[in-house]
Amino acid sequence: MQWEVVIGLETHTQLQTQSKIFSGASTRFGAGPNTQACPVDLALPGVLPVLNRAAVEHAIRFGLSIGAKIAPVSIFARKNYFYPDLPKGYQISQYEIPVVLGGSLEILVGEEVKVIELTRAHLEEDAGKSVHEEGFIGPHGEASSGIDLNRAGTPLLEIVTEPVMRSAAEAVAYAKTLHSLVVWLGVCDGNMQEGSFRCDANVSVRPMGQKEFGTRCEIKNLNSFRFLEEAIQYEIRRQIELIEDGGTVVQETRLYDPDRGETRSMRSKEDANDYRYFPDPDLLPVVIDDAWIAAVRETMPALPAQLRQQWQSEFGLSLYDAQLLTQDRDTAKLFEALLAMVGKPLAKAAANLIAGEFASSLNRAGMSASASPLQAAQLAPLLQRVADGTISNKIAKDIFAIMWDEALSGNAMSTVDQIIEAKGLKQISDSGALETIIDSVLAANQKSVEEFRSGKEKAFNALVGQIMKASQGKANPGQVNELLRKKLS
Amino acid sequence: MSWHKTPITLLAKALEAKQVSSTELTQYFLDRIAAGKVFNAYLDVNPELSLAQAAHADALRAAGKAGKLTGIPIAHKDVFVTRGWKSTAASKMLENYQSPFDATVVANLGMPNEANSHGAGMVCLGKTNMDEFAMGSSNENSAYGPVLNPWNTDYVAGGSSGGSAAAVAAGLAPIATGTDTGGSIRQPAAFCGLTGIKPSYGRVSRYGMIAYASSLDQAGPMGKSAEDCALLLSAMSSHDPRDSTSLADSGEDYSRYLNQPWREGNSNSAKPLEGLRIGMPKEFFAEGLSAEVAQSVQAAAKLLEGLGAQIIEVSLPKTKLSIPVYYVLAPAEASSNLSRFDGVRYGYRANAYRDLNDMYKKSRTEGFGSEVKRRILIGTYVLSHGYYDAYYLQAQKIRRIIAADFQTAFQHCDVILGPVAPDVAWRLGDKSKDPLQMYLEDIYTLSANLAGLPAMSAPCGFNSKSLPIGMQLIGNYFSEGKLLQVAHQYQQASDWHLRQAGEVA
């Protein structure tokens, strides 16, 4: 039987704010246990939450970026359950009326563009962390676990899709696109190791053509794109095999074990808590008027999709290049800065440089664009020297490599012109000098000359190659072509 | 000098005139507290700390930096967290709990310092007994024993702010703070012959008030007169950025109308309340109200009429429903508010347990008293899947209707007058066995909390057993100043509030 896979994702993105969503404690990662938990985070008797405006603004920013409706009034509710790392015994979260409603995200799966509809995005607070290590002693001398409440109260935006993805690849493409968008917006730092961006995947299968959804399982807490893909793939296989063997899928929450590459049942629907949601009486409804939305819009950067479209049509960039240039804001900023220095006629060359040498150098170094040792001001002369004929593209690549290595090693950095000067890389455009080189190459390659004369066009290219080599890459390729044609005719 | 019979307005004058120092005054009350332990009004007293604050207050006065209230002693209900004194909410769950910070109310009234430059400079005498987590109407639900009524120690002091009421009535404090979720200031004030006011919801910060039912809780003063209460309320209330439900413009002088005629420009000093329309809800005088209380309140109405007010009948048709509505909503919020008492981070943890769930179960079973557990159970039930709509949502709808009924009534009158409670204080133990019977005692006070309206209690007589009777005044939103004005005018023409409980010690 043919099976159709149905996937919906819930993504917890940690919002980049100075302080927590309901308290003034810092959100910085990595501090000593419980050093960033104030009385509100500890849920001491008498404390009250106060909503952090910056968290709401991030939610608005995200909502606007996906064309969603920003709820004019949204409500915080209490989700009640007991857990040691949940200090109040309830989590403050938006339930019935979230701040962001609907919206959609365009993703690229292979060459195909697909639109992923979103259901909602709501604000909530994170819980703390249980530390299960030896050495924690309770008040009566009993062996205990430790609780670190630094993370308690960290603002989260939970972004929920409709069940519209049909493969693990689509789910990963969506997660990657969402990740780059929230980082682009400055809403989230995107650090997946630190848990700033984690996905829950709802997976079900149904016979191809069937309208009703199959029973779904939710795989919790996938904090890498690889785990997301592996977990979904495993879960799809598990469900199909289960059904084909005559079994039925049970609605449950599962955990992915990356070491064993499988998902395991965590709790069934029957064990699910009754969270007894009700509006939090300590917090007022969040009222967002048009003026606030407009003010937030003012602070938003141009969106990657807008830039892609603009650059493709204005500069004739390929979808691939445009995609690469907008993969993160630093790359896009570098392109824009470079463009401002070299001018629009060199846009394509600038794009090629960034998508080519620059991107692969970053890759090799395992760096993101934000950490790049080279800035636009250093790269611009490289494009200009190619444009004005001082150097060839080939030489430009060599110079880039020299500059990159210097910058990376922290040595005093030479400018493009200094390198050209010091290494004698100036393009040879003097026809007298070129003719001398050509003549000696022709003399040494009589066989190729004869082959060309007998009609083998390939031999011409071989000769050009030899000439370039003899000139150490400095010969002006256009001129070499021209002069060689003349000589051979 | 009988400082314990002196209203704080006069204590302020005595301090200003250097007739007495704050240290002397504080010692005077500490001595009375030590002698008056029989009432069980206080849960924690720390003479050293109190006297240090008094010395601070005296120094402020010597430096010319004293405000109106500087150096006047005050008792705080144990529901407010305090640095220095334990904060237990009268629960075993928080036995010995020490808060690292002061409640905003405590800070507003307390010593000024760098972090709290506007502190009024009052001296904390200690923390007063209460019903555990403010759940109760008799102060018999305290884990540390009931409070006895200073008018007759066989009787309850009322609740939940029973310790504050008894402390002031017995002269163990000149004035005290209380909180009122369903009548917890007004009813013990009435039972102990005091004046107390629950302001409009949002007037007084809830930060540092151990939460019972967040949408209903409101703090207020309990004192000897409307004038004293006005003075204290002005210092208690403030906009607090740490409380999202705190009103933006809370700081006002609630004393400003006290000595003014109701109608501006009325120069007839015999009829200062001319133009005032007082509504008496017929539902407040129906079956269930004791004849003696009814008589006293009617007599008060007559007196007010004599002062120029016009008495009219109004209707609050959903009065009876305020009991079920309150006993759905308050427990619902309480069940969630009290979840933090789980034995994990602070407070009581059971001695022996098998695993995490067992730890939760035993700690909460052993740490909470039976009324608290009852309300947690009710609250958990009404919020549960499948019952939420039928109970919680339905109660919220009726709550809105109750609030709307008040607005209808306020189209016809300026202030509502009625009894505080169906009867005077009852004998200790009389209603403890039947929680429902106890809940019915709240019938006249609950609706003001449900609507968020200001309401106050003022003494208006005694019954045949010489127990105090209180009348209740309910005003429209933010009309505290006008309510206190009516009560003050009444107190200018009566002496119920000046009567003192007999000395026991």
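Chain order of the listed sequences is A and B.
If you want this note's numbering, it's the 1-based position in the first sequence plus 34.
If you want this note's numbering, it's the 1-based position in the second sequence plus 1.
Ideal Cβ placement from N, Cα and C applies to all residues, glycine included.
From this set, the options, which residue's C-alpha is nearest residue i's C-alpha?
i	options	result
residue 476 (chain B)	B:488, B:145 and B:468	B:488
residue 27 (chain B)	B:197, B:59 and B:11	B:59
residue 39 (chain B)	B:168, B:221, B:376 and B:53	B:168
residue 116 (chain A)	A:321, A:68 and A:310	A:310
residue 233 (chain B)	B:326, B:253, B:278 and B:216	B:253
residue 86 (chain A)	A:55, A:463 and A:61	A:55
residue 193 (chain A)	A:223, A:427, A:97 and A:271	A:97
residue 86 (chain B)	B:184, B:496, B:275 and B:124	B:124
residue 437 (chain B)	B:480, B:411, B:485 and B:375	B:375
residue 264 (chain A)	A:285, A:232, A:279 and A:297	A:297
residue 511 (chain B)	B:166, B:107 and B:322	Residue coverage of chain B in this structure runs from 2 to 506, which leaves residue 511 (chain B) outside it and unanswerable.
residue 511 (chain A)	A:490, A:174 and A:465	A:465
residue 94 (chain B)	B:364, B:83 and B:319	B:364
residue 298 (chain B)	B:424, B:51 and B:270	B:424
In the DSSP assignment, find the unbroken beta strand (DSSP E) run with residue i in it and report its ends.
i	result
residue 475 (chain B)	469–476
residue 40 (chain A)	37–48
residue 219 (chain B)	219–224
residue 518 (chain A)	Per DSSP, residue 518 (chain A) belongs to no beta strand (DSSP E); it is in the alpha helix (DSSP H), 511–522.
residue 166 (chain A)	163–171
residue 155 (chain B)	153–157
residue 463 (chain B)	456–463
residue 282 (chain B)	278–282
residue 179 (chain A)	177–182
residue 190 (chain A)	189–195
What do you get for residue i, buried or exposed, if any count of 16 or more other CB atoms within 10 angstroms of its CB means buried?
i	result
residue 424 (chain A)	buried
residue 91 (chain A)	buried
residue 107 (chain A)	exposed
residue 119 (chain B)	exposed
residue 342 (chain A)	buried
residue 137 (chain B)	buried
residue 528 (chain A)	Because chain A spans 35 through 523 in this model, residue 528 (chain A) falls outside it and cannot be assessed.
residue 196 (chain B)	buried
residue 116 (chain B)	exposed
residue 232 (chain A)	buried
residue 353 (chain A)	exposed
residue 518 (chain A)	buried
residue 48 (chain A)	buried
Kindly indicate if chain A contains any beta-carbon less than 8 Å away from that of residue i.
i	result
residue 506 (chain B)	For residue 506 (chain B), the predicted structure reports a pLDDT of 44, less than 50, and the residue's modelled location is therefore unreliable. A value from the coordinates is still provided. Not an interface residue.
residue 196 (chain B)	no
residue 430 (chain B)	no
residue 211 (chain B)	yes
residue 59 (chain B)	no
Between residue i and chain B, is any beta-carbon pair separated by less than 8 Å?
i	result
residue 319 (chain A)	no
residue 84 (chain A)	yes
residue 372 (chain A)	no
residue 174 (chain A)	yes
residue 80 (chain A)	yes
residue 303 (chain A)	no
residue 87 (chain A)	no
residue 170 (chain A)	no
residue 315 (chain A)	yes
residue 105 (chain A)	no
residue 181 (chain A)	yes
Can you tell me where the alpha helix (DSSP H) with residue i in it begins and where it stops?
i	result
residue 412 (chain B)	Per DSSP, residue 412 (chain B) belongs to no alpha helix (DSSP H) and is neither H nor E.
residue 418 (chain A)	410–421
residue 15 (chain B)	9–17
residue 126 (chain B)	No alpha helix (DSSP H) contains residue 126 (chain B), which is instead part of the beta strand (DSSP E) from 124–129.
Within the region 203–283 of chain A, ranges of the beta strand (DSSP E) (whole runs, at least 3 residues): Within the region 203–283 of chain A, the complete beta strand (DSSP E) runs of at least 3 residues are 231–241 and 251–256.
Residue ranges of each beta strand (DSSP E) within the region 273–354 of chain A, 3 or longer: Counting only runs of 3 or more, we get 286–291 and 296–302.
Contained beta strand (DSSP E) runs [length at least 3] in the region 98–152 of chain A, N- to C-terminal order: Note on the region 98–152 of chain A: whole beta strand (DSSP E) runs with a minimum of 3 residues are 110–114, 124–128 and 138–143, in chain order.
Segments assigned alpha helix (DSSP H), at least 4 residues, entirely inside the region 352–397 of chain A: List check, alpha helix (DSSP H) in window: 353–359, 363–376 and 381–387.
Those runs of the beta strand (DSSP E) which lie wholly inside the region 39–102 of chain B and span at least 3 residues: Correct list: 43–45 and 74–78.
Alpha helix (DSSP H) segments (min. 4 residues) lying fully within the region 178–234 of chain B: For the region 178–234 of chain B, whole alpha helix (DSSP H) runs of length 4 or above, ordered along the chain, are 187–192.
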